[in-house]
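Report on one structure; see the data block that follows.
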RNA sequence: GACCCCGUAGCUCAAUCGGAUAGAGCGCCAGCCUUCUAAGCUGGAUGUUGUCGGUUCAAGUCCGACCGGGGUCGCCA
């Protein structure tokens, strides 16, 4: 609602200014600091004042008088030094909010049919258990996908499986060379439920082993990786077993958090179905990558790193080059193909990106992933038979979101540069690196985990999680802890529930706490993880928001029990309760409830899922405030009771929807 | 060294293209449960937005310099 009205207001202003003053200005709208000042304000007259060389207040006055009425806006006022403040028609807003809440999704579902959006997230190396940092990735991606869908977009979620990378190779080395196991025995182990935990430890051990045997390590890694890439020998067999089993573990972990995927895009298929060969040929043809014959990169194919050339800088950069600093060269160049012929992740990612945009002229084969954790439809790429019932995954995407942590910004730039080198500047532009900062541990938390801190680490604000060192909070452990803590609370509060109800309620609370915790930080805030904060159910948390919904449901239940008759609330009646200073408190709740579309839009424009969390919290807060001021069911005035009840249900609908965008369910009771 | 990110209340973080009096949560203090769930609410204290300069009607936000912290620059991803 809020977005609709402000959009109309903005358009009306733009149109008016264009017609009257012949100026094309971007119309900035903001939320006035106080509700008494209206619901939307524009400082556009300050800009106009500069252009027209007249006083801003005077221009504001003029526009106030001449602007044609905007539906939903009751009046316009000049405020401060020249702000134009819009006051909404509260009765009309009430009416519209009612229908919006009932109809559910936004009307602009034509987007659904137009272009396809791919959100790629999670993409954990399939060689160990998922940790808290991986969960941040998945939660951000999942929330972004849900938010885009809420706005009517056609979204497909993919999880990239790097099953032919160095990390898998390391665990294969661990099994075959350190533990001296046979493929059969690894296969047996892979059926154990905690196989990912086993690999977590094995990976740390292998890394240590390889670090201690440097000369042996390089050859071992190279040979193993090559065998895995080419799909031959015990190495490839074990690699496949490990990767598939770990992926199954990851899917199970993420399913606990309500996170699912449409397609698992496996790197092995990029190789086996010759996606890479094709991309490689194109990269060579266009000269995007070059073969190095001397120096330390001899025998590799590299992509020369260009300094950014945009606008004015291009000139100076060229001059610098012309002056001949050429000699130092190549330190930034990125190796795409190693001297032993294996491809780096970046190379494979270029091929993958090309496919996403439909620029490769090839498609994968697809088959259903056999072990979907909840029996849902998950597809996987395969180099075997193509299942004709597979959805059209190969349809080109218009926009692609790649959820990848901030440390990989350089690599993402290389991928984009590769696309541009192949003449796909538009694809590079529409390939969005949804970057986010890492989850680290506070030194205290790391110490609690039994990690020995070096003196300088102890002084730092946080310690980086490291799969190679085996340092990190495993996702399943954390969810277990959250569920246990929530269950304790639920058992205390709701002895009347069956154990199953208690468990599922505790689960919803645990998921709410965790997902909200990871979403309340903006993307480029480093989260210094601490159990105390993450396990909190009070204040700015998921359970706080869930609790507001639970309260509303309690009111509804009690209302039905009491058999209170519901009278209809007309816009005029609503207007009466919302008017004036006394009505402001109620109006703020209604306005908050009607602003979901605005929050969703902001989250998409800014690519910032945290906005959704912020919105949900503020709405819950507004409701709790309202809840303590007004006792709804004991309200004597029949009209007012019906109005308050209607407002409450409106908050419920919108809050449930907002929580849903974050993958958080509100239980009936908690 | 080059490039990128960050620096806001005791702590953790917000602040919509540059907009009106910089906001939340936690923690602390004082209150509120025979009435719809206290995982809640109310009130109180805490700020030279790292420093200096510049641009602007308007700067936490943009520009420059400096200080402090983090990251990237691997034949790892």
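Residue numbers (the working numbering): 32 to 701. We put the beta carbon where it would ideally sit given N, CA and C, even for glycine. Remember, it's a predicted structure, so these values are computed and weren't measured experimentally.
Contact between residue 151 and residue 432 holds: their C-beta atoms lie close to 7 Å from each other, under 8 Å. Under the three-pair Cβ rule at 8 Å, the segment 126 to 134 does not count as touching the segment 236 to 251. Below 8 Å, enough C-beta pairs join the segment 634 to 646 and the segment 167 to 183 to call them touching: three or more. Just so you know, the alpha carbons of residue 512 and residue 299 end up roughly 36 Å apart. Assigned with DSSP and collapsed to three states, residue 336 falls in coil, not helix or strand. Residue environment: residue 96 is assigned as exposed (fewer than 16 neighbouring CB atoms within 10 Å of its CB, all protein chains considered). In terms of CA proximity to residue 649, 620 leads the group 419, 160, 99, 620. Residue 73 holds the alpha-carbon nearest to the alpha-carbon of residue 63 among 54, 55, 73, 56. Residue 123 and residue 517 have their C-alpha atoms spaced approximately 42 Å apart.
The beta carbons of residue 498 and residue 159 sit closer together than 8 Å. Here residue 297 is bridged, per DSSP, to 192.
When DSSP states are grouped into helix, strand and coil, residue 665 belongs to the coil group.
When secondary structure is reduced to three states using DSSP, residue 156 falls in the coil class, being assigned neither helix nor strand. Shortest Cα-Cα distance from residue 689 to any of 658, 580, 207, 661 involves 580.
As computed with DSSP, residue 61 is found in a beta bridge with 72. Put simply, the backbone Cα of residue 400 is about 8 Å away from that of residue 408. Taking C-beta separations shorter than 8 Å and ignoring five residues to either side along the sequence, the partners of residue 307 in its chain run 301, 374, 378, 379, 382, following chain order. Contiguous beta strand (DSSP E) elements confined to the segment 412 to 499 occur at 430 to 436, 462 to 467, 470 to 472, taking only those with 3 or more residues. Between the alpha carbons of residue 567 and residue 371 lies a distance of about 51 Å.
With respect to residue 505, residue 208 sits apart: the two C-beta atoms are not nearer than 8 Å. Using a Cβ distance threshold of 8 Å, residue 114 and residue 70 do not count as a contacting pair.
The continuous beta strand (DSSP E) containing residue 368 extends over residues 365 to 368.
For residue 119, there is no enclosing alpha helix (DSSP H); the enclosing beta strand (DSSP E) covers residues 114 to 119. Annotated three-state conformation of residue 110 is strand, per DSSP. The secondary-structure analysis by DSSP pairs residue 185 across a beta bridge with 147.
The C-beta distance from residue 402 to residue 279 rounds to 5 Å, short enough to fall under 8 Å.
Note that the C-beta distance between residue 157 and residue 274 is below 8 Å. In this structure, the straight-line span from the alpha carbon of residue 111 to that of residue 91 is close to 10 Å.
For residue 83, same chain residues with a beta-carbon under 7 Å away, outside a window of 5 residues either side, are 52, 90 in chain order. Counting C-beta pairs closer than 8 Å gives fewer than three between the segment 188 to 204 and the segment 536 to 548, which falls short of the contact rule. The C-beta separation of residue 462 from residue 450 comes to about 7 Å, placing the pair in contact by the 8 Å criterion.
With respect to the C-alpha of residue 267, the residue from 583, 102, 218, 237 having the closest C-alpha is 218. Rounded to the nearest whole angstrom, the C-alpha separation of residue 602 and residue 126 is 6 Å. Using a 10 angstroms sphere on the CB of residue 116, the tally of other CB atoms reaches 16 or more, which defines it as buried.
Exclusion of the five residues before and after residue 503 leaves 162, 496 as the residues of its chain whose Cβ lies within less than 6 Å of its Cβ. If you compare the alpha carbons of 191, 617, 519 with that of residue 165, the shortest gap goes to 191.
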